[in-house]
Amino acid sequence: MSPDIQKLEIVARRLRRQIIRMVAAAGSGHCGGSLSAIDLLTYLYFCELRVRPEEPQWPDRDRFLLSKGHCAPALYAVLAERGFFPEQKLWTLRGINSSLQGHPDMRKTPGLDMTTGSLGQGFSCGVGMALAAKMDHKPYRVYVMLGDSELQTGLLWEAAMMARQHGLDNLIAIIDNNKLQSDGVTETIVDVEPIAEKWRAFGWETRRINGHDFRQIQAALAESRSANQRPKVIIADTVKGKGVSFMEGVVTWHSGAPNAEQVQAALKELGGDV
Amino acid sequence: MTEAVPNRVIYGRTLVELGQGNPRIVVLDADVPKSTNTSQFREAFPDRFFNCGVAEQNMICIAAGFAASGKIAFASTFAVFASMRACEQVRTSVAYPRLNVKIVATNAGLDNAGDGVTHQGIEDLAIMRSIPNLTVLSPSDPVTTRKAVLAIAQREGPAYMRLGRNPSPVLYEENVEFEIGKMIPLRNGDDLAIIATGNMVHQALIAADSLAGQGIQARVLDCHTIKPVDKAAILDAARTTRGIITAEDHNVVGGLGGAVCEVLSELCPARVKRVGLKDCFATSARDYRELLAHFQMDAAAIQAAAYELCGSKSAHIPSRSSARRSTP
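Protein chains in written order, with my numbering: chain A, 1478 to 1751; chain B, 17 to 344.
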């Protein structure tokens, strides 16, 4: 079944507006990486993942782990849109005892499969989940989203080797390759390229796409389902801050809340009600 | 009757016992299964055993992934690696989400004498005790080690347990009652109380025997649970004796001694002497007992601390009499 691209674009644009509003309401958060990841997340939750919003703990659901947990606003926006919890919750982000913590907390938010945010750990936990699925002969897949600078952490490669060792073809890593990190341009800090060659050398089936192109996202995910004893990675080239002109490719929008004026400008660009 | 064997051997044996009754048990190791004795489980249940290689951080997160998938995951390596190399993984991926991961670390304290400082875990109790949601255990003998492993398996949620390397004498009858968070009284006495954990419980009993010969009656309490620590037993010891000695094969900073002093300083100030490694790194040694004596962590050191508390000047060397006890 081919996805309705136009509809996905409308949803993603609406979720971008939600991200801006949420981070502004919280007074802090990570806009840049949330905006680079939101097209991938939109596709995953509306076209790919077998999940049941009315039964978040459905045992046979596909698992999703946001290893780059600082982009929680994007994940929360898509979970609310998918019906895991009411939209009103979004405006409690980062509040005391909010079900929406600054980084994903599996014990507080319906629809979260793992507590993540300390970079590298979510991916490693995902390897454990994929191993558990194999052990139990369960059909579900485990999807993990990584940031490009997350490839700088050693734990990630420990986990990558383990996944290959055990032939985890039920594990799909998606790298939101927005090429910026907290302190600047990834390439100038500790370069993670050549990314594809690294993963191939680690025995992973590797694909590279434009992470803002729904057709390419669809194709890459569809091709990543083969039961061939190899874990899969999709390197999705993205633009940090995508969709808001003054945030695109600007390092300082890694974190920080937009002020009222910036919110107005961003929402206007994103076609929303101001 | 359980024979005198290393507690780690009992751990491996108990894992097999658990695995037979419960298909949810999985076991992970970081390339030291023959040493931690998870190899016993591997032989019995190869499909439920995973050697993660020299990758302790990854092992802990994989265990978390298993636990989040409904398994009871035991993860083992040496105490120094479990508590420090993988510390943040334990904190954030296991303790914070309250996942059903049981970290059982061997070679705790100076028990791995020969390998020296790099492989001696002297900070693990302090580190693990400071992590919320984590139950921290340090059993003393083969009988209570088995009971401790069964107890953490049965109890939902994360736990850390440390075990030594050398054979441990049997201190208990099989029917001893073991409850997480409740000290076991091994000997009665109202002159002073020795609160000991792990291997030092045996040393405490030797010291108490010698002290009794000199008319000093020392209570000996086996503090097998470092967290949640048994406040009632600590307060009772403070109120009914002249002072407390803590004894641990661990740095005197932050472990059992720290836990006891925290309780007392807030609720019932009392005199405390902490016996343990005095905030220094140890050294290699050919023999564990030699190392304990060298760093003043053995029965003689406990006895010396007792004299300080009781005001005696005697320098009597404690005898190495049998320490076997049944619980009162």
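Cβ atoms here follow ideal geometry from the backbone N, Cα and C, with glycine treated the same way.
Considering only residues of the same chain and omitting the five flanking positions on each side of residue i, which have a CB-CB separation below 8 Å?
i: Met1606 of chain A; result: Arg1540, Leu1542, Asp1590, Met1591, Val1619
i: Tyr1617 of chain A; result: Arg1527, Asp1537, Arg1538, Asp1539, Arg1540, Ala1610, Asn1647
i: Asp140 of chain B; result: Ala95, Val96, Ala98, Ser99, Met100, Ala121, Ala124, Tyr176, Arg178, His266
i: Val288 of chain B; result: Gly259, Ile260, Ile261, Thr262, Gly273, Val276, Cys277, Leu280
i: Thr161 of chain B; result: Asn23, Ile26, Tyr27, Thr30, Pro155, Leu179, Ser184
Between the C-alpha atoms of residue i and residue j, what's the straight-line distance to the nearest angstrom?
i: Ile1482 of chain A; j: His1689 of chain A; result: 11 Å
i: Tyr1522 of chain A; j: Ala1678 of chain A; result: 30 Å
i: Asp265 of chain B; j: Asn191 of chain B; result: 26 Å
i: His332 of chain B; j: Gln233 of chain B; result: Because His332 of chain B carries a pLDDT of 45, less than 50, the predicted location of this residue cannot be relied on, and the following value inherits that uncertainty. One C-alpha to the other measures close to 15 Å.
i: Leu272 of chain B; j: Ile242 of chain B; result: 6 Å
i: Gly1603 of chain A; j: Ser99 of chain B; result: 22 Å
i: Val117 of chain B; j: Arg1707 of chain A; result: 27 Å
i: Ala1489 of chain A; j: Ser1505 of chain A; result: 21 Å
i: Asp1660 of chain A; j: Trp1730 of chain A; result: 11 Å
i: Pro174 of chain B; j: Glu1564 of chain A; result: 33 Å
i: Glu1746 of chain A; j: Ser1722 of chain A; result: 8 Å
i: Arg29 of chain B; j: Asn23 of chain B; result: 10 Å
i: Ser1732 of chain A; j: His1507 of chain A; result: 4 Å
i: Ala1503 of chain A; j: Ala1713 of chain A; result: 28 Å
i: Leu1744 of chain A; j: Leu1492 of chain A; result: 11 Å
i: Ala111 of chain B; j: Lys1566 of chain A; result: 26 Å
i: Ser338 of chain B; j: Ser226 of chain B; result: Bear in mind that the predicted position of Ser338 of chain B carries a pLDDT of just 39, short of 50, making it unreliable; the figure below should be weighed with that in mind. The alpha-carbon atoms of Ser338 of chain B and Ser226 of chain B are separated by roughly 11 Å.
i: Val353 of chain B; j: Cys103 of chain B; result: The question about residue 353 of chain B has no answer, for chain B in this structure spans 17 to 344.
i: Gly231 of chain B; j: Leu208 of chain B; result: 12 Å
i: Ala286 of chain B; j: Asn215 of chain B; result: 25 Å
i: Lys164 of chain B; j: Pro113 of chain B; result: Note that residue 164 of chain B is Ala in the sequence shown, not Lys. One C-alpha to the other measures close to 23 Å.
i: Gly69 of chain B; j: Asp47 of chain B; result: 5 Å
Tell me whether residue i sits in a helix, a strand or coil according to DSSP, three-state version.
i: Pro5 of chain B; result: The question about residue 5 of chain B has no answer, for chain B in this structure spans 17 to 344.
i: Met177 of chain B; result: strand
i: Gln1658 of chain A; result: strand
i: Ile1482 of chain A; result: helix
i: Asp252 of chain B; result: helix
i: Phe82 of chain B; result: helix
i: Arg351 of chain B; result: Outside the displayed range of chain B (17 to 344) lies residue 351 of chain B, so it cannot be described from this structure.
i: Lys329 of chain B; result: Below a pLDDT of 50, predicted positions are generally treated as unreliable, and Lys329 of chain B, at 48, falls in that range; the measurement from the model is reported next regardless. Here Lys329 of chain B sits in coil by DSSP.
i: Ser146 of chain B; result: coil
i: Asp303 of chain B; result: coil
i: Lys118 of chain B; result: strand
i: Arg290 of chain B; result: strand
i: Leu1709 of chain A; result: Correcting the residue type first, residue 1709 of chain A is Lys in the shown sequence and not Leu. Looking at Lys1709 of chain A - three-state DSSP - the assignment turns out to be strand.
i: Phe97 of chain B; result: helix
i: Met1583 of chain A; result: coil
i: Phe66 of chain B; result: strand
i: Thr134 of chain B; result: helix
i: Glu1532 of chain A; result: coil
So, for residue i: in the same chain, excluding its five sequence neighbours on each side, which residues have a beta-carbon less than 7 Å away from its beta-carbon?
i: Ala220 of chain B; result: Ile210, Ala212, Val236, Ala263, Ile318
i: Val291 of chain B; result: Ile261, Thr262, Ala263, Met313, Ala317, Ile318, Ala321
i: Cys296 of chain B; result: none
i: Pro1581 of chain A; result: Leu1543, Gly1546, Ala1549, Leu1552, Leu1589, Thr1592, Thr1593, Gly1594
i: Gly1749 of chain A; result: Arg1494
i: Asp303 of chain B; result: Ala129
i: Leu1633 of chain A; result: Gly1597, Phe1600, Glu1627
Identify, in the order they occur along the chain, each residue of the same chain with its Cβ nearer than 6 Å to the Cβ of residue i, setting aside the five sequence neighbours on each side.
i: Ser55 of chain B; result: Pro49
i: Asn1655 of chain A; result: Ser1513, Thr1715, Lys1717
i: Val245 of chain B; result: Ala275
Report back the beta-carbon spacing between residue i and residue j to the nearest angstrom; my notes put them in contact at under 8 Å.
i: Arg258 of chain B; j: Cys284 of chain B; result: Not quite, the Cβ-Cβ distance comes to about 13 Å (not below 8 Å), so this is no contact.
i: Val96 of chain B; j: Arg64 of chain B; result: 26 Å between Cβ atoms; not a contact.
Taking 7 Å as the cut-off, does the CB of residue i come closer than this to any heavy atom belonging to the ligand GDP?
i: Thr151 of chain B; result: The ligand GDP is absent from the structure shown, which contains no ligands of any kind.
Inset, instruction - Pull out every residue of the region 46-75 of chain B whose Cβ sits closer than 8 Å to any Cβ of chain A, in chain order. - result: Asp63, Arg64, Phe66, Cys68, Gly69, Ala71, Gln73, Asn74
Legend entry - Residues of the region 94-117 of chain B with Cβ closer than 8 Å to any Cβ of chain A, in chain order: Glu104, Gln105, Thr108, Ser109, Tyr112, Pro113, Arg114
Inset, instruction - May I ask you to list, following chain order, the residues of the region 1590-1606 of chain A that have a beta carbon less than 9 Å from some beta carbon of chain B? - result: Asp1590, Met1591, Thr1592, Thr1593, Gly1594, Ser1595, Gly1597, Gln1598, Gly1599, Phe1600, Ser1601, Cys1602, Gly1603, Val1604, Gly1605, Met1606
Inset, instruction - Mind checking the region 275-301 of chain B against chain A and listing, in chain order, the residues whose C-beta falls within less than 8 Å of any C-beta there? - result: none
Legend entry - Residues of the region 1604-1623 of chain A whose Cβ lies closer than 8 Å to any Cβ of chain B, in chain order: Val1604, Gly1605, Met1606, Ala1607, Leu1608, Ala1609, Ala1610, Met1612, Asp1613
Legend entry - Cβ-based contacts, 9 Å cut-off: residues of the region 230-260 of chain B near chain A: none
Inset, instruction - Using a Cβ-Cβ cut-off of less than 7 Å, give me the residues of the region 1630-1658 of chain A that come near chain B, in sequence order. - result: Leu1632, Glu1635, Ala1636, Met1639
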